[in-house]
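Residues in the sequence shown are numbered from 4 upward in steps of one, following this note's numbering.
The beta carbon of each residue, even a glycine, is placed where N, CA and C say it ideally should be.
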Amino acid sequence: MTTILSVEGVSRTFITDLIFSDVTFQIQEREHVALVGVNGSGKSTLMQMVAGLDEPDTGRIVRKNDLRVTYLAQEATFAGDKTIREAALEAFERVQAIEHEMDQIQNAMTSAKGGELDRLMSDYGQLSEQFEFLGGYEIDFRTDQVLSGLGFSEEEFDWQAKYLSGGQKTRLALARALLGEPDLLLLDEPTNHLDLNALEWLEGFLRNWNRAFLVVSHDRYFLDRVTTRTLDMNFGRLDDYPASYNRFVKLREERRERWWSEYKAQQEYIKTTEEFIRKYKAGQRTKEAQGRETRLARMERIERPDEGKSLKATLPDAARSGRIVLNIKPVTIGYRGTESAPEDTVLVKTSDELQIERESRVSLAGPNGGGKTTFLRTILGEIPPLSGTFSFGTNVKVAYYAQGHEGLDTSLTVLETIREARPMEEGAARNLLGRYLFSDDDVFKPVSALSGGERSRLALAKLTLEEANFLILDEPTNHLDIESREALEQLLSEYDGTILFVSHDRYFIDVIATHVWAIADGTITVHVGNYSDYARRTATPAKSSIGSARASNGKSQQEAEPVEKSSGSPRMRPSDKEIKQTEKKVKDLEREISRLEEKLNSLSEELAAASESGNVERISEAGASYESTQDELDTVYETWAELTEELNEKTAAVRNA
Numbered sequence: 004m005t006t007i008l009s010v011e012g013v014s015r016t017f018i019t020d021l022i023f024s025d026v027t028f029q030i031q032e033r034e035h036v037a038l039v040g041v042n043g044s045g046k047s048t049l050m051q052m053v054a055g056l057d058e059p060d061t062g063r064i065v066r067k068n069d070l071r072v073t074y075l076a077q078e079a080t081f082a083g084d085k086t087i088r089e090a091a092l093e094a095f096e097r098v099q100a101i102e103h104e105m106d107q108i109q110n111a112m113t114s115a116k117g118g119e120l121d122r123l124m125s126d127y128g129q130l131s132e133q134f135e136f137l138g139g140y141e142i143d144f145r146t147d148q149v150l151s152g153l154g155f156s157e158e159e160f161d162w163q164a165k166y167l168s169g170g171q172k173t174r175l176a177l178a179r180a181l182l183g184e185p186d187l188l189l190l191d192e193p194t195n196h197l198d199l200n201a202l203e204w205l206e207g208f209l210r211n212w213n214r215a216f217l218v219v220s221h222d223r224y225f226l227d228r229v230t231t232r233t234l235d236m237n238f239g240r241l242d243d244y245p246a247s248y249n250r251f252v253k254l255r256e257e258r259r260e261r262w263w264s265e266y267k268a269q270q271e272y273i274k275t276t277e278e279f280i281r282k283y284k285a286g287q288r289t290k291e292a293q294g295r296e297t298r299l300a301r302m303e304r305i306e307r308p309d310e311g312k313s314l315k316a317t318l319p320d321a322a323r324s325g326r327i328v329l330n331i332k333p334v335t336i337g338y339r340g341t342e343s344a345p346e347d348t349v350l351v352k353t354s355d356e357l358q359i360e361r362e363s364r365v366s367l368a369g370p371n372g373g374g375k376t377t378f379l380r381t382i383l384g385e386i387p388p389l390s391g392t393f394s395f396g397t398n399v400k401v402a403y404y405a406q407g408h409e410g411l412d413t414s415l416t417v418l419e420t421i422r423e424a425r426p427m428e429e430g431a432a433r434n435l436l437g438r439y440l441f442s443d444d445d446v447f448k449p450v451s452a453l454s455g456g457e458r459s460r461l462a463l464a465k466l467t468l469e470e471a472n473f474l475i476l477d478e479p480t481n482h483l484d485i486e487s488r489e490a491l492e493q494l495l496s497e498y499d500g501t502i503l504f505v506s507h508d509r510y511f512i513d514v515i516a517t518h519v520w521a522i523a524d525g526t527i528t529v530h531v532g533n534y535s536d537y538a539r540r541t542a543t544p545a546k547s548s549i550g551s552a553r554a555s556n557g558k559s560q561q562e563a564e565p566v567e568k569s570s571g572s573p574r575m576r577p578s579d580k581e582i583k584q585t586e587k588k589v590k591d592l593e594r595e596i597s598r599l600e601e602k603l604n605s606l607s608e609e610l611a612a613a614s615e616s617g618n619v620e621r622i623s624e625a626g627a628s629y630e631s632t633q634d635e636l637d638t639v640y641e642t643w644a645e646l647t648e649e650l651n652e653k654t655a656a657v658r659n660a
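Printed below as a string of structure tokens:
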């Protein structure tokens with residue numbers, strides 16, 4: 004494949020703090036790459052450098068000539084009076100320019116004669132061919148499909164873009180970026196503000212995307228489905244793994260274990276050698292001691308592996324409640340009418356009685372705007388139901404985590420927030436906050452100055468002080484990095500109380516949920532199990548194939564060559580024999596991957612044993628063997644990923660033929 008972008012030794016320092024250094028990687032055409040790391044590791048800064056919006060302190064970024072790059076930031080703005088549909092159609096600027104020129108020629112043809120008319124007809128014919136080649140007759144259809152896939156209804160297409168909420172603007176910017184079909188698409192948290200349906204649609208679209216993209220996301224489910232390579236940015240450096248997210252996690256853990264084994268073995272060797280030097284340097288074995296001292300001085304030291312800081316949240320044991328924690332009579336949820344709009348707005352209506360039992364963990368799922376947050380606020384008594392009743396069971400104490408962190412007083416500092424929630428000595432409050440990654444002067448920051456991730460961690464810290472046995476959580480993973488999400492999952496998995504929560508993080512739902520209450524068409528359907536169980540029961544054909552057909556097969560409008568140079572020949576349908584041959588290659592590679600993984604496990608055990616015995620020579624041999632085997636596995640895995648993608652394309656071509 005062709006390299007379209009090279010990042011060569013770039014670094015960034017903020018005042019005196021090094022954010023990252025010597026970051027080097029390449030992106031090939033059609034490559035789907037994830038960029039992961041803890042909050043504050045510099046991911047967004049690096050993305051802006053790749054986009055050409057920022058310059059590195061050192062190093063350089065080399066782009067292929069005429070490389071078209073589109074950067075989708077976390078926040079988007081729209082000016083002017085354009086509608087949602089008009090703003091999305093801006094992606095087809097060249098097609099629209101050709102269409103405008105065709106209209107002008109058509110008008111001129113009405114009064115032209117003779118040679119002038121012949122010339123205009125010739126020009127019109129060439130433009131018409133270009134217009135068709137660029138998909139001009141499809142742009143309205145494609146635009147509607149992408150907007151619908153990302154959660155916009157047809158009646159919303161005519162809304163003015165400048166009046167949209169922040170989340171709606173981000174979705175609109177994403178639609179425009181996808182329709183524009185750049186050579187390299189840079190996506191910074193594209194799944195923010197998407198509901199589960201839109202997430203699944205986007206996954207299908209990007210899996211078929213026939214161009215390169217680099218994506219920053221904390222959504223593990225999403226990353227595992229759309230990427231084949233992972234760049235891990237932590238501790239000021241970048242590590243490259245030729246694998247999607249789940250495989251990357253395993254490879255990273257193996258690499259860290261080997262690093263620790265080698266580091267500990269070398270430290271033991273250094274300690275033993277230094278003791279020998281001290282003992283014999285002035286004695287009969289002076290020359291031997293001096294020789295060892297020289298070798299020790301020349302030895303390349305293995306850096307101590309970074310452990311970093313992680314969220315260490317704890318919840319007190321929950322007081323035992325009655326068996327029924329929440330009882331919901333047939334209820335109607337929504338908003339009362341007003342004088343100007345007297346009709347009630349109904350969001351959710353249940354015809355059956357619903358109950359949440361002790362120690363259940365219920366995920367409330369549904370589309371954006373479907374009433375999930377309103378449902379939670381109605382349970383809490385903040386909004387009265389339009390009809391019906393809710394009742395809590397005996398000995399139930401509720402704690403609420405609000406999506407917008409409304410429970411935080413922005414006039415207080417971090418430390419004051421905790422001490423107000425529960426009176427305690429400053430030292431105890433600092434210790435508690437330290438478990439939520441607030442250290443040193445961080446505790447004196449005003450809440451108003453905190454980032455989204457910091458507010459989320461502070462809200463969680465405050466929540467744990469409430470000693471509730473029924474937690475109601477509205478998007479608790481928002482703004483948390485992957486490591487913090489995993490810590491929260493462990494915390495809630497071990498919690499012996501009851502939980503009702505809203506989340507778009509499917510990994511989180513899979514780990515936590517015992518039930519899924521799905522809101523659709525204004526009603527609630529109860530499903531036993533987690534998200535994967537729910538998804539299997541409700542699986543429908545992917546809706547993204549229509550919207551992404553051109554993304555996977557057609558040339559973009561900007562790539563169009565003169566019509567006479569294009570072959571125009573359709574892609575042949577792959578034969579069954581071709582598919583079977585590719586399937587066999589994939590299976591052979593999977594067997595080879597298993598063999599190499601077993602070899603790595605054996606070498607890892609050998610390294611551990613050598614480390615315990617202090618056998619430095621064996622550590623060196625096993626370490627070298629481990630390194631070469633790891634390189635071999637990386638190469639095989641990269642080939643497997645390419646062939647798997649090829650197989651998916653062939654089977655899709657047969658299915659759609």
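Specify the secondary structure class of residue i as computed by DSSP and reduced to three states.
i	result
Phe238	coil
Ala563	Confidence at Ala563 is low in this model, with a pLDDT of 40, below 50, so the placement of that residue should be treated as unreliable; the coordinate-derived value is given next. Ala563: coil per DSSP, three-state reduction.
Gly118	helix
Lys558	Confidence in Lys558 is poor, its pLDDT being 45 and thus under 50, which makes the residue's placement too unreliable to answer from.
Gly62	strand
Glu346	coil
Asp25	strand
Arg15	strand
Tyr403	strand
Ser9	strand
Arg394	Just to set this straight, residue 394 is Ser in the shown sequence, not Arg. DSSP places Ser394 in strand when its eight states are reduced to three.
Phe81	coil
Val41	coil
Ile549	Residue placement at Ile549 is poorly supported in this model, since its pLDDT is 38, which falls under 50; the coordinates are not used for a value here.
Phe155	coil
Gln287	coil
Trp643	helix
Tyr439	coil
Ala246	coil
Glu360	strand
Ala368	strand
Ala424	helix
Ser570	Low local confidence applies: a pLDDT of 33 at Ser570 is under 50, so the model's placement there is unreliable, with the coordinate-based value given in what follows. In this structure, Ser570 counts as coil in the three-state DSSP scheme.
Asn330	strand
Ala542	coil
Leu188	strand
Out of the options, which has the shortest C-alpha to C-alpha gap to residue i?
i	options	result
Glu310	Trp263, Asp320 and Gly340	Trp263
Glu497	His507, Ala405, Ala516 and Arg509	Ala516
Lys583	Thr642, Lys653 and Glu624	Lys653
Thr501	Lys172, Val514, Val399 and Asp443	Val399
Phe134	Ala321, Asp25 and Glu104	Glu104
Glu277	Met302, Ile30, Thr376 and Arg258	Met302
Val334	Gly391, Arg295, Lys312 and Arg361	Gly391
Leu379	Glu478, Arg339, Glu600 and Leu468	Glu478
Arg361	Leu318, Ala322, Val98 and Leu350	Ala322
Leu101	Glu119, Lys590, Leu241 and Asp126	The amino acid occupying residue 101 in the given sequence is Ile; Leu does not appear at that position. Minimum Cα distance to Ile101 is reached at Asp126.
Leu474	Glu89, Tyr404 and Leu468	Tyr404
Asn330	Arg594, Leu357 and Tyr166	Leu357
Ser628	Asn651, Val639, Glu645 and Asn604	Asn604
Trp204	Glu78, Val98 and Gly152	Gly152
Arg228	Glu601, Ala37 and Lys267	Ala37
I believe residue i touches residue j by the beta-carbon criterion, under 8 Å. Please report the beta-carbon distance rounded to the nearest angstrom.
i	j	result
Leu314	Asp347	Contact flag wrong, Cβ pair sits at about 42 Å.
Trp643	Val589	7 Å
Leu175	Arg145	With a Cβ gap of about 15 Å, Leu175 and Arg145 do not count as contacting.
Asn472	Gln406	Not really, about 22 Å apart at Cβ, beyond 8 Å.
Among all the DSSP beta bridges, which residues are the ones paired with residue i?
i	result
His530	Val519
Gln163	Thr86
Ala431	DSSP output for Ala431 lists no bridge partner at all.
Gln31	Thr6
Val505	Asp477
Pairing CB atoms from the region 257 to 273 with CB atoms from the region 298 to 317, are three or more of them under 8 Å?
-> yes
If we count Cβ pairs, one from each stretch, closer than 8 Å, do we get three or more for the region 198 to 212 versus the region 368 to 382?
-> yes
Below 8 Å, can you find three or more Cβ-Cβ pairs linking the region 527 to 538 to the region 244 to 256?
-> no
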